[in-house]
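First to last, the protein sequences are chains A and B.
Using this note's numbering, read the first sequence as starting at 44 and increasing by one per residue.
Using this note's numbering, read the second sequence as starting at 44 and increasing by one per residue.
The next block holds one structure in the form of structure tokens; read it before the comments.
Protein chains: 2
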Amino acid sequence: MTPTLEFPLSRRAQNAAGQPISSLMQQALAHPELISLAAGFVDQASLPVELTSAAATSLVSDPVRAREALQYGTAAGHQPLREIVLQRHRNDDGLPACEDQLSVENVVLTAGSNQLLHLVADTILNEGDLVLCGAPTYFVFMGALANLGARSHGVACDDGGLIPEALEDELRRIEAAGELERVKAIYVVSYFDNPSGITLAAERRPQIVEIAKRWSKKQHIYVLDDAAYRSLRYSGEDVPSLQAYDETGETVIVAQTFSKSFSPGIRVGWGILPSALVEPVLNQKGNIDFGSPHFAQHLMAQVLSSGEFDNHVAVLRESYREKQTAMIKAAKEFFSSLDGVHYVKPQGGLYLWMQVPESIDTGIDGKLFAAALQEGVMYVPGIYCYPMEGAPRRHNLMRLSFGVQTPDGIQEGMQKLAAAVRQVL
Amino acid sequence: MTPTLEFPLSRRAQNAAGQPISSLMQQALAHPELISLAAGFVDQASLPVELTSAAATSLVSDPVRAREALQYGTAAGHQPLREIVLQRHRNDDGLPACEDQLSVENVVLTAGSNQLLHLVADTILNEGDLVLCGAPTYFVFMGALANLGARSHGVACDDGGLIPEALEDELRRIEAAGELERVKAIYVVSYFDNPSGITLAAERRPQIVEIAKRWSKKQHIYVLDDAAYRSLRYSGEDVPSLQAYDETGETVIVAQTFSKSFSPGIRVGWGILPSALVEPVLNQKGNIDFGSPHFAQHLMAQVLSSGEFDNHVAVLRESYREKQTAMIKAAKEFFSSLDGVHYVKPQGGLYLWMQVPESIDTGIDGKLFAAALQEGVMYVPGIYCYPMEGAPRRHNLMRLSFGVQTPDGIQEGMQKLAAAVRQVL
């Protein structure tokens, strides 16, 4: 064997290489002393040790149920948990129009909602296909799209989220370019968007569903409603998911997870899918992992049956609300004297999306990122959150996470970041 | 929206449709009274309720460790567990030549070994690429290959497993057809094969590694050593994995799992990969599920640290040995008077691979399958276990699992199956 022998990788593996997250993680590992406002982890202190302990104890105390949890499950997952998440979804949406369209058969459990997003993408997208999404949007999902050889196409957003008129404009442009048939989905992080923190305005929700249906001229265009952060609301009123406006139940896919509201380590997510997608997604899932870990699904079902879950989420919300308050306070304190700084206080979630003066490039090779490292703070460069096509990418934004740091850490991190901004101005 | 509107699926989703396992599962669901010798589940009674309970209690009793388990982990998984599985692998292989080539960096944890197999396939295979494998071989992996648009190419086997000379013959044929560059891997279920029950003979192991290296003329040909059943040995001596003969550490991938030896519901598997594959596989994994459930990995690390794991495996082996004995005894009792019946007593695993007379078609639409259902017993038709290309497919074999039924159920099932065979002869 010669040392020059080729180790060929699949096209997908080549597509998967060089995700921006890895260079950030390398920076974080190389500088453990940094205050990271980059990591999207959840708050360590409020992770539910006692609830997990109680649920595990209860689960293993009944040998019959314990053995069931320790055995293989089905590709769709533990039926009682599927029923619980559907019921909760209906309650949250106020028993919407889709009530009669959807049953437990539409619910698929996954190892986190990322797996659901990937499975759906893998099921509907060929290489070269298009997914319309906000500019900015969730960069891990764009990584999954790139992995599949699919294209993310940006739609302009404002303080109410994805702009329906801009969505139609992009669809018109794509149609004029002869590519409408490549559009397979519209992706929206509909509550406290990652990265923008914005919640899609209530009145835009039916509009986006209607646009997807109306533009499904030859092939179906799905709406992929990523509701991962829905339960992390700190102010304002909950709004129905986009599925509530899908009267035929054929268009909207909802992705959700207990990773943010309970534990990413237990890692149970789910999708509520149009009927036409259920079997194809399960067939894919059978090949990809032969079913998600069953024990974790039983554990979550036990947690939810205990009645303690909502109390935990209430405590969690209180903790994150405090952190969010600390970040907004620090933003006012340290950034308000700077012209060209803009942000919207999010009503929930884990992120603040901050614009700095146009003259600053927040990218990893720019002056600000280096200055911030020097000061001892790290953020996610906004450029990573922009789709490769469509609405223009902007270079002067940052995603700041308040999930991981303490309020004091947030205060300190924001002070250092402001110092870095001043330094490069 | 018109009812005729197309709901397009990706090519992959189309490939994934119609896996044989689904029609079998439908049969099983429709006839719960059947004695299933088809299901590849593990023995329900010996699932480790107490060990899991003790491990869970220990894990959650330390809040710092518990929180770590409940948080996100890395794509490669929990480092202490990666160290444990590598050490155990080295011990099992008797500190082989690969010792210096492999480190904990080569170990990737997955949600079961199926996920590892799929990840590796997704990382090295494009549509149309070839994987050489036994005829027969593990049908779920062939499903994953079909899903990817890759081709499984069968190599003749005998009672010592994959025949090295037949492997070279197939490589020669493929080269003559101008397709050698499409061959990316050789896949072997090297211990107590699913379905054949055969363990790849010790002397063939280095030969297969050598063949893979020698035929890596333009591109690298990997050997994918699926060692899922290694710990379920009931007689004979353990043999080293194929990795023990990979002196450069560049060729062999080992896939393993705790699903058979501990619990498929906890579902922790792993791969030990050549260095060149680690980063590409982790990049893919980041996109597919953003890391496997961390809590389950901590739980398994706790089980292994408790020192009780090997005792559990010893008890498990005793239980399966009894079942295997029951199946072999029943095979002798009910089938020995039939000409043309052939099987090899496996030294471990969960399966007996039985040949019936040439005149019988064991397929799902054949007379035997119907007669067996009528008698009240189900098996996996052997035809499902044959690759689509290469060595000829055979229609007169059955995979019989002794994992799930009690010894009495096995006896009864085998009696019914023999009655069905007699009926159709």
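Virtual Cβ for every residue (Gly too), placed ideally from N, Cα, C.
Neighbour flag for residue i against chain B, beta carbons, 8 Å
i, result
"Thr95 of chain A", "yes"
"Arg310 of chain A", "yes"
"Val297 of chain A", "no"
"Ile217 of chain A", "no"
"Ala140 of chain A", "Because Ala140 of chain A sits at a pLDDT of 48, beneath the cut-off of 50, its placement in the model cannot be relied upon, and the following sentence gives the value as read from the coordinates. Answer no: the Cβ-Cβ gap between Ala140 of chain A and chain B never drops below 8 Å."
"Gln69 of chain A", "no"
"Lys303 of chain A", "no"
"Val321 of chain A", "no"
"His3 of chain A", "There is no way to answer for residue 3 of chain A, as the model of chain A reaches only from 44 to 468."
"Ala327 of chain A", "Ala is not the amino acid found at residue 327 of chain A; the sequence shown has Gln there. It does; some Cβ of chain B falls within 8 Å."
"Phe445 of chain A", "no"
"Pro106 of chain A", "yes"
"Ala462 of chain A", "no"
"Asn149 of chain A", "no"
"Tyr427 of chain A", "no"
Proximity test, Cβ basis, 8 Å: residue i and chain A
i, result
"Ile331 of chain B", "yes"
"Glu290 of chain B", "no"
"Gln448 of chain B", "no"
"Gln458 of chain B", "no"
"His196 of chain B", "no"
"Glu376 of chain B", "no"
"Asp269 of chain B", "no"
"Phe182 of chain B", "no"
"Leu395 of chain B", "no"
"Ala99 of chain B", "yes"
"Ala112 of chain B", "yes"
"Leu90 of chain B", "yes"
"Arg437 of chain B", "no"
"Ser274 of chain B", "no"
"Pro307 of chain B", "yes"
"His337 of chain B", "yes"
"Pro389 of chain B", "no"
"Ala154 of chain B", "yes"
"Gln286 of chain B", "no"
"Gln87 of chain B", "yes"
Residue i - partner residues in DSSP beta bridges
i, result
"Gly177 of chain B", "B:Val198"
"Ser444 of chain B", "B:Tyr394"
"Thr153 of chain B", "B:Gly312"
"Gly433 of chain A", "A:Gly197"
"Arg276 of chain A", "A:Gly391"
"Tyr265 of chain A", "A:Ala228"
"Ile78 of chain A", "A:Val420"
"Glu49 of chain B", "A:Gln262"
Cβ distance (whole Å) where residue i is taken to contact residue j below 8 Å
i, j, result
"Glu213 of chain A", "Leu175 of chain A", "6 Å"
"Arg257 of chain A", "Gly204 of chain A", "About 19 Å separates the two Cβ atoms, so there is no contact after all."
"Arg21 of chain A", "Gly155 of chain A", "With chain A covering only 44 through 468, there is no way to say anything about residue 21 of chain A."
"Cys446 of chain B", "Asp86 of chain B", "Note on identity: in this sequence residue 446 of chain B is Gly, with Cys being the wrong assignment. That pair is a contact at about 6 Å."
Exercise for the section: Taking only beta carbons into account, state which residues of the region 339 to 358 of chain A come closer than 9 Å to chain B, listed in chain order. Expected result: Listed by position, the residues of the region 339 to 358 of chain A near chain B (Cβ gap below 9 Å) are Ala339, Gln340, His341 and Leu342.
Problem - Unbroken stretches of the beta strand (DSSP E), 3 residues or longer, contained in the region 205 to 254 of chain A - result: Fully enclosed beta strand (DSSP E) runs of 3 or longer: 226 to 232.
Problem - chain A contacts from the region 402 to 422 of chain B (Cβ-Cβ distance under 7 Å) - result: Cβ contacts with chain A: none found.
Exercise for the section: Give, in chain order, every unbroken run of the alpha helix (DSSP H) that is at least 4 residues long and sits entirely within the region 291 to 340 of chain B. Expected result: Runs of the alpha helix (DSSP H) inside the region 291 to 340 of chain B: 318 to 331.
Handout entry: Contacting positions in the region 157 to 170 of chain A - beta carbon closer than 8 Å to chain B
Key = Correct list: Asn157, Gln158, His161, Asp165, Thr166, Ile167, Leu168 and Asn169.
Practice task
Determine which residues of the region 48 to 61 of chain A have a Cβ less than 7 Å from any Cβ of chain B, and write them out in chain order.
Solution key: So the close ones are Leu48, Glu49, Phe50, Pro51, Leu52, Ser53, Arg54, Arg55, Ala56, Ala59 and Ala60.
Problem - In chain order, each beta strand (DSSP E) run of at least 3 residues that lies wholly inside the region 343 to 405 of chain A - result: With a minimum length of 3 residues, the unbroken runs of beta strand (DSSP E) contained wholly in the region 343 to 405 of chain A fall at 394 to 398.
Handout entry: Positions along the region 120 to 134 of chain B whose CB lies within less than 9 Å of some CB in chain A
Key = If the cut-off is 9 Å between Cβ atoms, the region 120 to 134 of chain B has nothing near chain A.
Practice task
With 7 Å as the limit, tell me which residues of the region 230 to 264 of chain A have their beta carbon closer than that to any beta carbon of chain B; keep them in chain order.
Solution key: Within the region 230 to 264 of chain A, Lys256, Ser259, Lys261, Gln262 and His263 place their CB atoms closer than 7 Å to a CB of chain B, listed in sequence order.
Exercise for the section: Closer than 8 Å, Cβ to Cβ, to anything on chain A: give me those residues from the region 199 to 213 of chain B, in chain order. Expected result: From the region 199 to 213 of chain B, no residue has a Cβ closer than 8 Å to chain A.
Problem - Minimum length 4: unbroken alpha helix (DSSP H) runs contained in the region 102 to 126 of chain A - result: Taken in chain order, the complete alpha helix (DSSP H) segments of 4 or more residues contained in the region 102 to 126 of chain A are 106 to 113.
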